[in-house]
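Numbering (the working numbering), first residue to last: 8 to 152. Even glycine gets a Cβ: it sits at the ideal position worked out from N, Cα and C. Quick caveat: nothing in here was measured; it's all calculated off a predicted structure.
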Amino acid sequence: MGLHEGSFTRSDFPRVTTHEAVHVLADQWGDGSPPIWVIEGLATWGEYGKDALLAEHGGLIRSGWSRFEKVAPKEYEAFHDPSVETIAYKSGGAVFAYLEDTGGRDAVYEVASTFYGNQSRQEAARKLGRSEKDLLAATKKWLRA
């Protein structure tokens with residue numbers, strides 16, 4: 008998003024800038040290699056907050072969850088496929104909404120910072136004591152998707 012005069016009058020300007028600011032702040036947790044769903048999911052959670060994300064996009068998240076589960080383990084290109092990108096961003100955000108709801112913001116920060124601070128998904132999962140698959144399954148159950 009370019010910062011030209013028109014940017015400041017966009018109706019979504021506060022959300023977009025919050026989303027992008029979360030990316031910048033999260034990068035301070037380390038030079039790891041977080042999965043794309045963690046990168047965009049955390050920023051989407053920060054952009055909306057738990058309650059607004061679910062109120063505005065809960066139906067989309069629930070109906071598209073199986074598509075998200077298919078792209079979550081993949082890399083950048085699959086996640087940003089136009090046919091699934093919106094679902095992927097919002098569903099990634101829902102994982103952090105689940106973490107906030109069940110463990111508070113400390114749980115959000117623990118999961119995000121662990122992924123950002125480790126070089127592999129497997130290393131992060133080992134330190135967290137649960138796999139990405141387990142985390143997504145718990146979120147799916149919580150969403151009733």
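Residue i - containing alpha helix (DSSP H), residue span
| i | result |
| --- | --- |
| T93 | 92-123 |
| F15 | Looking at the DSSP string, F15 is not in any alpha helix (DSSP H), and its letter there is neither H nor E. |
| A152 | Here A152 belongs to no alpha helix (DSSP H), and DSSP marks it neither H nor E. |
Exposure of residue i, with buried meaning 16 or more beta-carbon neighbours within 10 Å
| i | result |
| --- | --- |
| Y55 | buried |
| E47 | buried |
| T146 | buried |
| V45 | buried |
| T16 | exposed |
| P42 | buried |
Reduced DSSP secondary structure (H/G/I, E/B, other) of residue i
| i | result |
| --- | --- |
| E82 | coil |
| R137 | coil |
| D58 | helix |
| S40 | coil |
| D88 | coil |
| S201 | In this structure the chain extends from 8 to 152, so residue 201 is not present and cannot be described. |
Whole-Å CB distance - residue i paired with residue j, under 8 Å assumed
| i | j | result |
| --- | --- | --- |
| L49 | V29 | 6 Å |
| G100 | L60 | 5 Å |
| E139 | K57 | With 8 Å as the limit, E139 and K57 do not qualify as a contact, their Cβ atoms being about 20 Å apart. |
| A104 | W52 | 6 Å |
Short CB-CB distance (under 9 Å) between residue i and chain C
| i | result |
| --- | --- |
| R112 | Judged by its chain identifiers, the structure shown contains no chain C, having just a single protein chain. |
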